[in-house]
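A.B. asks: Quick one: the structure is below, and I'll ask about it shortly.
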Amino acid sequence: MYFTSGSEVFPTRAISLVLALLSLIVVYHTTAVWQELHNPHVSKKLDTNSSEYAVRVHGYLNHVITTYGLTREVNWTSWHIQPVQGSKERPGLTRIPVPFQHRSGFQQIDLRQATAEISNVDSMLRLPISSHLDLPQESDASQFLFAISSSYDRLMNNDMAIIRGWQRWMTKVKTTKTNGANLLILLDRATNEEVEELDDLIHQAGIEALIYTTDQRLSMATRYLALVEELRTFGGVLAATRQDKLWFSLLEDSMFIPSISYLTERLSQYDTSDDVYVGLPSDEQDWLQGQDGMTTTYGGGAVFLTRSALTRVLSAPCADLEVSTEPPFQAKKWDALLQQCMTEYADMEMHVLPAIYMPDNSDVARIEAPPLVSRIDDKTSVVQSHLVTEACGERCFLQKFAFSDNWVLENGREISYYNQPIRVNKNDVAKPQTNHLASQIILDKGGLKRRNAQLDGKREVWKLMDALRDDDGSVWQAYVKRGQAAETNDGVNATSGDSVIVLTWEAARVDVEVEIKRR
Numbered sequence: 472m473y474f475t476s477g478s479e480v481f482p483t484r485a486i487s488l489v490l491a492l493l494s495l496i497v498v499y500h501t502t503a504v505w506q507e508l509h510n511p512h513v514s515k516k517l518d519t520n521s522s523e524y525a526v527r528v529h530g531y532l533n534h535v536i537t538t539y540g541l542t543r544e545v546n547w548t549s550w551h552i553q554p555v556q557g558s559k560e561r562p563g564l565t566r567i568p569v570p571f572q573h574r575s576g577f578q579q580i581d582l583r584q585a586t587a588e589i590s591n592v593d594s595m596l597r598l599p600i601s602s603h604l605d606l607p608q609e610s611d612a613s614q615f616l617f618a619i620s621s622s623y624d625r626l627m628n629n630d631m632a633i634i635r636g637w638q639r640w641m642t643k644v645k646t647t648k649t650n651g652a653n654l655l656i657l658l659d660r661a662t663n664e665e666v667e668e669l670d671d672l673i674h675q676a677g678i679e680a681l682i683y684t685t686d687q688r689l690s691m692a693t694r695y696l697a698l699v700e701e702l703r704t705f706g707g708v709l710a711a712t713r714q715d716k717l718w719f720s721l722l723e724d725s726m727f728i729p730s731i732s733y734l735t736e737r738l739s740q741y742d743t744s745d746d747v748y749v750g751l752p753s754d755e756q757d758w759l760q761g762q763d764g765m766t767t768t769y770g771g772g773a774v775f776l777t778r779s780a781l782t783r784v785l786s787a788p789c790a791d792l793e794v795s796t797e798p799p800f801q802a803k804k805w806d807a808l809l810q811q812c813m814t815e816y817a818d819m820e821m822h823v824l825p826a827i828y829m830p831d832n833s834d835v836a837r838i839e840a841p842p843l844v845s846r847i848d849d850k851t852s853v854v855q856s857h858l859v860t861e862a863c864g865e866r867c868f869l870q871k872f873a874f875s876d877n878w879v880l881e882n883g884r885e886i887s888y889y890n891q892p893i894r895v896n897k898n899d900v901a902k903p904q905t906n907h908l909a910s911q912i913i914l915d916k917g918g919l920k921r922r923n924a925q926l927d928g929k930r931e932v933w934k935l936m937d938a939l940r941d942d943d944g945s946v947w948q949a950y951v952k953r954g955q956a957a958e959t960n961d962g963v964n965a966t967s968g969d970s971v972i973v974l975t976w977e978a979a980r981v982d983v984e985v986e987i988k989r990r
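In C-alpha cells form, the structure reads like this:
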C-alpha cells in the first residue's frame, strides 16, 4: 500500500524509518537536556535576578571591549561559576563531565547598537576546588624573611608590576596590611631619592620592607651573597622584637608566590631547628643536565634556609668562589654559586620541593600539585591572574578543569579548545629516576603524582585579558581570542571579530553533592 500526496508517492517503510529517526532525535535531545539540568555541576537558574545579571554582563563586556580596543562586533559566551569545596587534595587536572560550550554556542553582538541585548546568561557552573579554602586576605607569612635584589627601573617598570605582585603574597590584600612577611631589598646603584620613593611606595602597598643600595657596580651573584649576611643581621633585629623567623629566603625579583599557606604546608615537613637548605624549581627550564650527565637544579631562583643553615653559609668562604664562564652555564647565576658553596664548603645538600615539574623516567614530567612559585612576566598581569583566588582560594590559581567537549580552563591564565579528545595514561604515579639526579640533590616529592591526562592536538586559546572584583565579592574574568585575518572566496582579506569568554566567580561554599572527578 502507498500513501499519495500530489504527485509524490512514499512507501510506509520509509515513513516508519523517518518517524523512528525523529523519535530517536527527540529522545536524545530530551535525555541530554535532562542530564544537563540534573547534573550536579550545572544549574540553569541563578540565585540572582537574571535580568539584573544580564545588565552587569553587558556592562562588563562593554568595559572589556572599550579598555582593550576589541572589534566592534564580538563573539561571546559566559558562565556564572560557583566554586564548591571538595577533597583536600587538588588534582592536577579536574575532569568535569559536562560540556563547557553552551548549546547555542557563541553569540555575536555589537554593544554599540541600541538594540543589542544580552541573553543566555542564566546558567551556573559548579566547579570543585580544594577543601583548603586559603584566601589571600587571610594569609599568614610571619615565619618568613625574604631577600631580593633588583633595581629602581625594574621595580618601577610596567606600572610597578613586580611590587603589585609582591603585594598579593606579602599583605592581606583587601586591607593592604602586612600578613607578617618581612622583606629586604638590595638595589643596584640607586640614588637616595630613588630609595626614598620606593620606600614610600612599598610601605603604602602594605609591605614591611627594608631597602639598601649598592654604591658601586656589583654582579647579581655578589649582591645575593651579600644579602645572606643582611638576612642574618636583620633576622636578629626582628628576633629581638619577638618577631622570630623560621625561614630565610633568597628570591629573584620576578618570583611570585601564589599561596603562602600552601608553601608553609609543604615546608612543614622539615625541622626548622636543623640545617635545611631548600630549592623550589618552578618550571622545566629550572632543571638541566650537568657536564657529568646528571640532572640537577640550583633552586630556580627561589631558595629557603633555616637559621642554622644560614649560619653555615656565612661560615663558608662563598665570596672566594670564582664566577664561571665555561659552558654549559655561561655566567654562573647566584643560586648556582650558592649551591656550589653549600656543597663544597658547608657540606650541605639541597632539598628540592617540586611543583608542576619533576625529573622522572621520562626526563621531566608534569605532576599533580599547585605551583609553589611562579614568575612575573611583562605579558601577563599576575594581579589580574591571581585575583580569582579571593573567590575560590589560593589553591584554585592555575587549576585546570577539563570538560567533556575538549575545552580546558586553566584558571587565571587561559581557556583552550582542543581538536582531539584528552588522553588518559593508566600509570599515574611519577617514578623519580633518582639514580640520574646529581648527588647534591634530594628530591622530596612527598607522594606527588604524575598528571596522567595528556592534552594533544591543535588548540584555540582564549587568554586572560581582564579581571575585576565586584562589590559583592564576586570576581569577573574576561578571556579573549583576537580575530584573525582570513581570505574570503573573492580573494579579499577580512578580519573575523574578537571572541570573549566571560566567567563570573562567586564566593566558594561547601557542597557535599559535588565530587572531584580526577583525570
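Residue numbers (my numbering): 472 to 990.
Every residue gets a Cβ at the ideal spot worked out from N, C-alpha and C, and that includes glycine.
Keep in mind that this is a model prediction, so the values were computed, not measured.
1. Considering only C-alpha positions, which residue in the set Ala780, Ala807 and Ala978 is nearest to Cys867?
2. Are the beta-carbon atoms of Val784 and Ser720 separated by less than 8 Å?
3. Just to confirm my understanding: we take Thr684, look at its own chain, exclude 5 residues before and 5 after, and list those with CB closer than 6 Å. What are they?
4. Considering only residues of the region 636 to 707, which uninterrupted beta strand (DSSP E) runs meet the minimum length of 3 residues and lie entirely inside it, listed in chain order?
5. Apart from the five residues just before and just after Phe615, which ones in its own chain have a Cβ nearer than 7 Å to its Cβ?
6. Just verifying my parser: in three-state terms, what is the DSSP assignment at Val526?
7. Run through DSSP, which three-state label would Asp927 get?
8. Are the CB atoms of Val853 and Gly636 within a distance shorter than 8 Å?
9. Quick one: measure Cβ to Cβ for Val555 and Ile600, integer angstroms, because I've assumed they're closer than 8 Å.
10. Confirm, please, whether the CB-CB distance from Arg566 to Ala873 is below 8 Å.
11. Looking only at DSSP bridge pairs, what is Thr766 linked to?
12. Consult DSSP for Ile580 and reduce its assignment to one of helix, strand or coil.
13. Between which residues of its own chain and Ile633 is the CB-CB distance below 8 Å, once the five residues before and five after are set aside?
14. Would you mind working out which of Trp878, Gln870 and Trp976 sits nearest Asp942, comparing C-alpha positions?
15. What does a CB cutoff of less than 6 Å around Ile619 pick up in its chain, not counting 5 residues either side in sequence?
16. Starting from Pro731, trace the beta strand (DSSP E) both ways and give me its first and last residue.
17. If I'm right that Val528 touches Ser549 with Cβ under 8 Å, what's the distance once you round it to whole angstroms?
18. Within 10 angstroms of the Cβ of Arg737, are there 16 or more other Cβ atoms? Answer buried if so, exposed if not.
19. Return the chain-ordered ranges of every beta strand (DSSP E) run that is complete within the region 861 to 896 and spans a minimum of 3 residues.
20. State the CB to CB distance for the pair Ala748 and His822, rounded to an integer number of angstroms; the pair is presumed to be in contact (CB under 8 Å).
21. Kindly indicate which three-state DSSP category Glu755 falls into: helix, strand or coil?
22. For the alpha helix (DSSP H) holding Val784, just list the boundary residues, first then last.
23. Mind checking whether Ser753 and Leu843 have CB atoms under 8 Å apart?
24. Measuring straight from C-alpha to C-alpha, what distance separates Lys648 and Leu669?
25. So the candidates are Ser610, Thr646, Asn882 and Ile912; which of them puts its Cα closest to the Cα of Leu935?
26. Would you say Asn663 and Ala612 are within 8 Å of each other, going by their C-beta atoms?
27. Any heavy atom of the ligand ZN closer than 7 Å to the Cβ of Gly707?
28. Which of the three DSSP states, helix, strand or coil, is assigned to Val973?
29. Excluding sequence positions up to five away, which residues of its chain have a Cβ less than 6 Å from the Cβ of Thr860?
30. Among the residues of its own chain, which have a CB less than 7 Å from the CB of Ile682, if the five just before and after it don't count?
31. Is Arg625 helix, strand or coil when you go by DSSP?
32. To the nearest whole angstrom, what separates the beta carbons of Leu908 and Met765, a pair I think is in contact under 8 Å?
33. Out of Gly540, Gly563 and Asn533, state which residue places its alpha-carbon closest to the alpha-carbon of Leu926.
34. At what residues does the beta strand (DSSP E) containing Leu722 begin and finish?
35. Please identify the residue among Ile580, Thr642 and Met631 whose C-alpha is closest to the C-alpha of Asp969.
C.D. replies: According to the structure data:
1. Here the question's residue 867 lines up with position 396 in the sequence shown. Measuring from the Cα of Cys867, the nearest candidate turns out to be Ala978.
2. One-based indexing of the sequence shown puts residue 784 at position 313. One-based indexing of the sequence shown puts residue 720 at position 249. Their beta carbons are not under 8 Å apart, which means Val784 does not touch Ser720 by this criterion.
3. For this step, residue 684 is matched to residue 213 along the sequence shown. Leu658, Ala661 and Val666, listed in sequence order.
4. 653 to 658 and 679 to 684
5. Here residue 615 refers to the residue found at position 144 when the sequence shown is read from its first residue. Once the five neighbours on either side are set aside, the close Cβ partners of Phe615 are Ala652, Lys716, Trp718 and Ser720.
6. Taking the first residue of the sequence shown as 1, we reach residue 526 at position 55. For Val526, the three-state secondary structure derived from DSSP is helix.
7. Indexing the sequence shown from 1 puts residue 927 at position 456. In the structure shown, Asp927 sits in coil (DSSP, three-state: anything other than H, G, I, E or B).
8. The sequence position of residue 636 within the sequence shown is 165, counting from 1. The sequence position of residue 853 within the sequence shown is 382, counting from 1. Yes, these two residues count as a Cβ contact at 8 Å.
9. The count along the sequence shown starts at 1 and reaches residue 555 at position 84. The count along the sequence shown starts at 1 and reaches residue 600 at position 129. With 8 Å as the limit, Val555 and Ile600 qualify as a contact, their Cβ atoms being about 7 Å apart.
10. Locating residue 873 in the sequence shown gives position 402, counting from the first residue. Locating residue 566 in the sequence shown gives position 95, counting from the first residue. In contact: Ala873 and Arg566 (Cβ atoms closer than 8 Å).
11. Indexing the sequence shown from 1 puts residue 766 at position 295. Beta-bridge pairing links Thr766 to Gln760 and Leu908.
12. As a working mapping, residue 580 is identified with position 109 in the sequence shown. The answer is strand: DSSP assigns Ile580 an E or B state.
13. Walking along the sequence shown from the start, residue 633 turns up at place 162. For Ile633, where only same-chain residues beyond five positions count, the Cβ hits under 8 Å are Ser621, Arg625, Leu626, Asp724, Ser725 and Ile847.
14. As a working mapping, residue 942 is identified with position 471 in the sequence shown. Nearest of Trp878, Gln870 and Trp976 to Asp942, Cα basis: Trp976.
15. Working through the sequence shown from its first residue, we reach residue 619 at position 148. Hits under 6 Å: Ile656, Leu722 and Asp724.
16. The residue you call residue 731 lines up with position 260 of the sequence shown. Contrary to the premise, residue 731 reads as Ile rather than Pro in this sequence. Taken as a continuous stretch (DSSP letters only), Ile731 belongs to no beta strand (DSSP E), being part of the alpha helix (DSSP H) at Ile731 to Leu738.
17. The count along the sequence shown starts at 1 and reaches residue 528 at position 57. The count along the sequence shown starts at 1 and reaches residue 549 at position 78. Val528 to Ser549, Cβ: 6 Å. Contact.
18. Position 266 of the sequence shown, counted from the first residue, corresponds to residue 737. Arg737 comes out buried.
19. If one requires a minimum length of 3 residues, the beta strand (DSSP E) runs lying completely within the region 861 to 896 are 871 to 874, 878 to 881 and 885 to 889, in chain order.
20. As a working mapping, residue 748 is identified with position 277 in the sequence shown. As a working mapping, residue 822 is identified with position 351 in the sequence shown. Before going on, a small fix: residue 748 reads as Tyr here, not Ala. Tyr748 to His822, Cβ: 7 Å. Contact.
21. Position 284 of the sequence shown, counted from the start, is the residue given in the question as residue 755. The answer is helix: DSSP assigns Glu755 an H, G or I state.
22. Translated into positions along the sequence shown, residue 784 becomes position 313. Run containing Val784: Arg778 to Ser786, per the alpha helix (DSSP H) assignment.
23. Within the sequence shown, residue 753 is the residue found at index 282, counting from 1. Within the sequence shown, residue 843 is the residue found at index 372, counting from 1. Against a cut-off of 8 Å, the Cβ pair of Leu843 and Ser753 comes out as a contact.
24. Counting from one through the sequence shown, the residue named residue 648 turns up at place 177. Counting from one through the sequence shown, the residue named residue 669 turns up at place 198. Approximately 17 Å between the Cα atoms of the pair.
25. Indexing the sequence shown from 1 puts residue 935 at position 464. The option with the nearest alpha carbon to Leu935 is Asn882.
26. Numbered from 1 along the sequence shown, position 192 holds the residue referred to as residue 663. Numbered from 1 along the sequence shown, position 141 holds the residue referred to as residue 612. Taking a C-beta distance under 8 Å as the contact criterion, Asn663 and Ala612 do not qualify as a contact pair.
27. By its list of ligands, the structure shown contains no ligand whatsoever, and the ligand ZN lies outside what it can speak to.
28. For this step, residue 973 is matched to residue 502 along the sequence shown. It is a strand residue.
29. Position 389 of the sequence shown, counting from 1, holds the residue named residue 860. Hits under 6 Å: Pro607 and Phe868.
30. Stepping through the sequence shown from its first residue, residue 682 is reached at position 211. So the qualifying residues of the chain are Ile656, Leu658, Val666, Leu669 and Asp670.
31. Against the sequence shown, residue 625 aligns to sequence position 154. Arg625: helix per DSSP, three-state reduction.
32. Within the sequence shown, the letter at position 437 stands for residue 908. Within the sequence shown, the letter at position 294 stands for residue 765. Yes, they are in contact, since the Cβ atoms of Leu908 and Met765 sit about 6 Å apart, within 8 Å.
33. Reading the sequence shown from its first residue, position 455 is the one you call residue 926. Out of Gly540, Gly563 and Asn533, Gly563 has the C-alpha closest to the C-alpha of Leu926.
34. In the sequence shown, counting from the first residue as 1, residue 722 sits at position 251. For Leu722, the enclosing beta strand (DSSP E) stretches over residues Trp718 to Glu723.
35. Stepping through the sequence shown from its first residue, residue 969 is reached at position 498. Ranking the options by Cα distance to Asp969, first place goes to Ile580.
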